[in-house]
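The first sequence begins at 101 in the numbering used here and counts up by one. Backbone N, C-alpha and C define an ideal beta-carbon position, used for all residues, glycine too.
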Amino acid sequence: MRLSEYSLNTLKEVPAGAEIISHKLMLRAGLVRQLASGLYSWLPVGVRVLRKVEAIVREEMERAGAQEMLMPMVQPAELWRESQRWDAFGPELLRLKDRHQRDFCLGPTHEEVVTDLARRELKSYRQLPVNWYQIQSKFRDEIRPRFGVMRAREFIMKDAYSFHLDDACLGRTYARMHEAYARVCGRLGLAFRAVEAETGSIGGNLSHEFHVLADSGEDAIAFSDGSDYAANVEKAPALPPAEPRPAPGRPLERVATPAVRTIAQLTEFLGVPAARVLKTLVVLGEDGGAVALVIRGDHELNAVKAEKLPGVAAPLRMAGPDAVSAAAGCEPGFVGPRGLGLKIYADHAALAAADFVCGANEVDAHLVSVNWGRDVPEPEAADLRNVQPGDPSPDGKGRLNIARGIEVGHIFQLGRKYSEAMGALVLDADGREQPMTMGCYGIGVTRLVAAAIEQNFDERGIVWPEPIAPFQVALVPMNMQKSEVVRAAVEPLYAALLAAGVDVVLDDRDVRPGVKFADIELLGIPHRVVVGERGLADGALEYRARRAADSEVLPLDEAVEFLVARVHAGIARHSP
RNA sequence: CGGGGUGUAGCGCAGCCUGGUAGCGCGUCUGCUUCGGGAGCAGAAGGUCGGGAGUUCGAAUCUCCCCACCCCGACCA
């Protein structure tokens, strides 16, 4: 490709509104442009990267035994009603009507469509297992699109669906897909972790998320320093404290705490550590009532865990001030478990506290030296909190660390949720009809591009992992328009690299060298070769890898061989 | 949806408080010079000041309504 003929439009300044590094660099390097909130056009350089990511995903899917197919993005409502998800999926499902007023949606995922296809095509256990995948645009009407293509409303996903007669077979395909996902991340040169995860609106019994580690990640993941245990913080169980609850010490006491509402204010006012303060959160109950959740002041409520408790409404919602007053007889900030006429769940750690501080259920007052059993009836114990760094690993080996991650992939063992709801049955060896058991496996292709940048950049721009760079080699001729010598050197080199199958770009634009250097670095091309009269006098070029601090001399007559070797090595380095 | 913020030339911004009909930098176009790290000089094009209504002799500026976009929270690849 000759840059003079290529649509490359880089920006010196960062467009307003871009917050995270990948979004800034994707705009500056001219990979994408925003159309509307959460909707992006991909420009030619961006598409080059996208296609390379897709190619790697395809290769690994084929290696894992999956077969590519393609399903419609527009889906009839009837299928979603069959699976009960027309109502359950909520406003994230973009609904529309055709000219006959029939209901449709834009596919946010394809379990319904693929299950419909499977029940028509798959009739015998002899056809199983199958694993179908597609790479296609998805649409989710996100509450808040964010961070450029990282959380877009329309995005490209690779989604795969497998069908099996029994769960053992599902488990084998799941393991192969787990391996395939790890290979994809590895080939992209990304530092990642596979973690146990919640299944959310997709459903099923077992799932893992693949997280690219980055401080800008929206998820928190917990992993053990003593084993390979790793889980999304949403999912990681907080073990009950090993030590038994201490015996009550001092007598119960009521303390006036005027206008002291928050844990921070309370710890300062009373000089008590947050771990000795219990906070009582009032949330909406299933029956329209309310439920109280008690956790330690230094702990964070885990909404996913809480909404699974009997009697608690899902999705979890905090009770408003009016509901709190009705239940506790005081405003939020002074609620406590003593004398509270609500069902109470207490977190294991809260339950292990003695002589603790809590709200008195009256304005401007708290109780100190409160003890379970003595002052408050023993509540029901539950795991209500997020794990914290230093907590023991749930598998009993080591302690947990917390890291931020970008969820680029998620795999599920769905089981028979969809096949039973939609009647996807096959005949088994005994001639009996059985619902198939299913797995589904998603990778955010567009998100992978952004995640790769989050892990690979410097002050000059993107530093692509070599397998997905838009071009492998950039040839940068100095004063090419005037210099016969430079042209005579660079044109054959360009042709030879093309002939050798190298993804090479020739920066033949009539612009000053500084512009070329800045653009090539912003774009993150892994290998750069400068061709100038200065070096050519000695038969030499200058080579510089994107990550290298300095250039090195490259004899002109060795250039093709050298670059081909570098490119192959760069890509091979990432192949597991 | 709740809270906060921003909309002025392709991009980044000033002007708004204190009304008088729009400016800076970058980019774009033309010419000359320059040509190994985002060039210099000279000239040029480009704006219903997000939209509508109102106040006023007069509105980018004041008032009201609407819209879009961004950020913080609940969702997910």
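**Residues near Arg634 in its chain [Cβ-Cβ closer than 8 Å; skip 5 each side]** = In the first sequence, the residue the question calls residue 634 occupies position 534. Answer for Arg634: Met578, listed in chain order.
**Asked** If you draw a straight line from the alpha carbon of Ser183 to that of Leu663, how long is it in whole angstroms?
**Response** Here residue 183 refers to the residue found at position 83 when the first sequence is read from its first residue. Here residue 663 refers to the residue found at position 563 when the first sequence is read from its first residue. Taking the straight line joining both Cα atoms gives about 54 Å.
**Buried versus exposed, by CB contacts within 10 Å (16 or more), Ile511** = Position 411 of the first sequence, counted from the start, is the residue given in the question as residue 511. Buried.
**Asked** For Glu353, which residues from the same chain have a beta carbon less than 6 Å from its beta carbon, with the 5 sequence-adjacent residues on both sides left out?
**Response** In the first sequence, counting from the first residue as 1, residue 353 sits at position 253. Excluding residues within five positions, the ones whose Cβ falls inside 6 Å are Val468 and Ser469.
**Prompt:** Can you tell me whether DSSP reads Lys112 as helix, strand or coil?
**Reply:** The count along the first sequence starts at 1 and reaches residue 112 at position 12. Reduced to three states, the DSSP call for Lys112 is coil.
**Request:** Look up Pro535 in the DSSP assignment and give the residues it is bridged to.
**Result:** Looking up residue 535 in the first sequence gives position 435. Looking at the DSSP assignment, Pro535 forms a beta bridge with Leu525.
**Request:** Kindly list the residues whose CB is nearer than 8 Å to the CB of Asp495, restricted to its own chain and excluding five residues on each side of it in sequence; keep chain order.
**Result:** Here the question's residue 495 lines up with position 395 in the first sequence. Excluding sequence neighbours, Asp495 sits near Ser324, Ser327 and Tyr329.
**Request:** Can you tell me which of the three DSSP states Trp472 falls into?
**Result:** Residue numbering aside, residue 472 sits at position 372 when the first sequence is read from its first letter. Strand at Trp472.
**Asked** Do you know offhand how far Leu641's Cα is from Leu131's?
**Response** The sequence position of residue 641 within the first sequence is 541, counting from 1. The sequence position of residue 131 within the first sequence is 31, counting from 1. Taking the straight line joining both Cα atoms gives about 29 Å.
**Prompt:** Whose CA, out of Asp464, Leu103 and Asp259, lies closest to the CA of Pro172?
**Reply:** By 1-based counting over the first sequence, the position of residue 172 is 72. Checked all of Asp464, Leu103 and Asp259; the closest Cα to Pro172 is Asp259.
**Message:** Given this structure, state the Cα-to-Cα distance separating His448 from Asn486, to the nearest angstrom.
**Reply:** Stepping through the first sequence from its first residue, residue 448 is reached at position 348. Stepping through the first sequence from its first residue, residue 486 is reached at position 386. Taking the straight line from one Cα to the other gives about 12 Å.
**Request:** Determine the burial state of Val174: buried for a count of at least 16 other Cβ atoms within 10 Å of its Cβ, exposed for fewer.
**Result:** Your numbering for residue 174 matches position 74 in the first sequence. It is exposed - the Cβ of Val174 has fewer than 16 other Cβ atoms within 10 Å.
**Asked** Who are the Cβ neighbours of Val631 in its own chain at under 6 Å, not counting the five residues just before and after it?
**Response** Counting from 1 along the first sequence, the entry for residue 631 is found at position 531. So the list reads Pro577, Val586, Ala589, Val590 and Leu641, once near-sequence residues are dropped.
**Item:** Same chain, Cβ closer than 8 Å to Ala291, neighbours up to 5 away in sequence not counted
**Value:** Counting from 1 along the first sequence, the entry for residue 291 is found at position 191. Contacts found: Val312, Leu313 and Gln555.
**Message:** I'd like to know whether the C-beta atoms of Leu527 and Glu533 end up nearer to each other than 8 Å.
**Reply:** Locating residue 527 in the first sequence gives position 427, where the first residue counts as 1. Locating residue 533 in the first sequence gives position 433, where the first residue counts as 1. Yes, the pair counts as a contact, with Cβ atoms nearer than the cut-off.
**Message:** Which same chain residues end up closer than 7 Å to Arg293 when comparing Cβ atoms and leaving out the 5 residues on each side of it in sequence?
**Reply:** What you label residue 293 is simply residue 193 of the first sequence in a count that begins at 1. Cβ neighbours of Arg293 beyond the five flanking positions: His311, Leu313, Ile321, Phe323, Ala330 and Gly505.
**Request:** Could you round the C-beta distance between Ala746 and Val249 to whole angstroms and report it? I think they count as a contact, below 8 Å.
**Result:** Lying before the first or after the last residue shown, residue 746 is absent from the chain, which here runs from 101 to 676.
**Request:** Please go through the stretch 596 to 642 and give each complete alpha helix (DSSP H) segment of 4 or more residues, from N-terminal end onward.
**Result:** 613 to 623 and 633 to 636
**Message:** Here's the rule: buried if 16 or more other CB atoms are within 10 angstroms of the residue's CB, otherwise exposed. What is Ser493?
**Reply:** Numbered from its first residue, the first sequence carries residue 493 at position 393. Looking at its Cβ environment, which holds 16 or more other Cβ atoms inside 10 Å, Ser493 is buried.
**Asked** So what does Ala331 bridge to, in DSSP terms?
**Response** Stepping through the first sequence from its first residue, residue 331 is reached at position 231. Glu296 and Ala322, per the DSSP bridge assignment.
**Message:** On a Cα-Cα basis, can you pick out the residue from Ala649, Arg220 and Leu442 that is closest to Ala426?
**Reply:** Residue mapping note: residue 426 aligns to position 326 of the first sequence, counting from 1. Ala426 has its Cα closest to that of Leu442, out of Ala649, Arg220 and Leu442.
**Item:** One or two residues paired with Trp142 in a DSSP bridge
**Value:** Start at 1 with the first residue of the first sequence, and residue 142 comes out as number 42. DSSP, once it has assigned bridges, lists Val132 as partnering Trp142.
**Prompt:** According to the neighbour-count rule (16 or more other Cβ atoms, all chains shown, within 10 Å of its Cβ), is Gln513 buried or exposed?
**Reply:** By one-based count along the first sequence, residue 513 stands at place 413. With 16 or more Cβ atoms within 10 Å of its Cβ, Gln513 is classed as buried.
**Message:** For Gly146, tell me which candidate among Glu168, Tyr106, Glu119 and Ala460 has the shortest Cα-Cα distance.
**Reply:** Residue mapping note: residue 146 aligns to position 46 of the first sequence, counting from 1. When each option's Cα is compared against that of Gly146, the closest is Tyr106.
**C-beta atoms of Leu690 and Asp619 nearer than 8 Å** = Residue 690 is absent from the structure shown; the chain starts at 101 and stops at 676.
**Prompt:** Val424 lies in the beta strand (DSSP E); which residues open and close that run?
**Reply:** Position 324 of the first sequence, counted from the start, is the residue given in the question as residue 424. Val424 -> not in any beta strand (DSSP E); alpha helix (DSSP H) instead, spanning Pro421 to Ala428.
**Message:** Does Trp232 come out as helix, strand or coil in the three-state DSSP assignment?
**Reply:** The residue given as residue 232 occupies position 132 in the first sequence. Note: Trp232 maps to strand in three-state DSSP.
**Item:** For Thr215, the first and last residue of its enclosing alpha helix (DSSP H)
**Value:** Taking the first residue of the first sequence as position 1, residue 215 is located at position 115. It spans Glu211 to Glu221 - the alpha helix (DSSP H) in which Thr215 sits, taken as one unbroken run.
**Request:** Please name the residue in Ala599, Leu636, Gln581 and His674 whose C-alpha comes closest to that of Ser104.
**Result:** Locating residue 104 in the first sequence gives position 4, where the first residue counts as 1. Taking only the C-alpha atoms, the option nearest Ser104 is Gln581.
**Asked** What alpha helix (DSSP H) runs, 4 residues minimum, are completely inside the stretch 337 to 389?
**Response** 363 to 370
**Message:** Suppose the cutoff is 7 Å on Cβ atoms and the five residues either side in sequence are ignored; what does the same chain contact list for Leu194 look like?
**Reply:** For the purposes of this step, residue 194 is taken as residue 94 along the first sequence, with counting starting at 1. Closer than 7 Å at the Cβ level, and outside the excluded window around Leu194, lie Cys205, Leu206, Phe239 and Asp241.
**Request:** Apply the 10 Å Cβ neighbour rule to Ile120 and answer buried if 16 or more other Cβ atoms are within range, or exposed otherwise.
**Result:** One-based indexing of the first sequence puts residue 120 at position 20. By the neighbour-count rule (16 or more Cβ atoms within 10 Å), Ile120 is buried.
**Message:** Here's a check: name, in chain order, each residue in its chain whose Cβ is nearer than 6 Å to the Cβ of Lys280, leaving out the five neighbours to either side.
**Reply:** Position 180 of the first sequence holds residue 280. Looking at the sequence provided, one finds Ala at residue 280 rather than Lys. The answer, listed in chain order, is Glu160 and Ala164.
**Request:** Ignore the nearest five residues each way along the sequence and tell me which others in Ala123's own chain have a CB closer than 6 Å to its CB.
**Result:** Mapped onto the first sequence, residue 123 falls at position 23. Sequence inspection shows His at residue 123; the Ala mentioned does not correspond to that position. Phe247 and Gly248, listed in sequence order.
**Reduced DSSP secondary structure (H/G/I, E/B, other) of Tyr274** = The residue given as residue 274 occupies position 174 in the first sequence. Note: Tyr274 maps to helix in three-state DSSP.
**Message:** How far does the alpha helix (DSSP H) with Glu554 in it extend, from its first residue to its last?
**Reply:** Looking up residue 554 in the first sequence gives position 454. It spans Val545 to Gln555 - the alpha helix (DSSP H) in which Glu554 sits, taken as one unbroken run.
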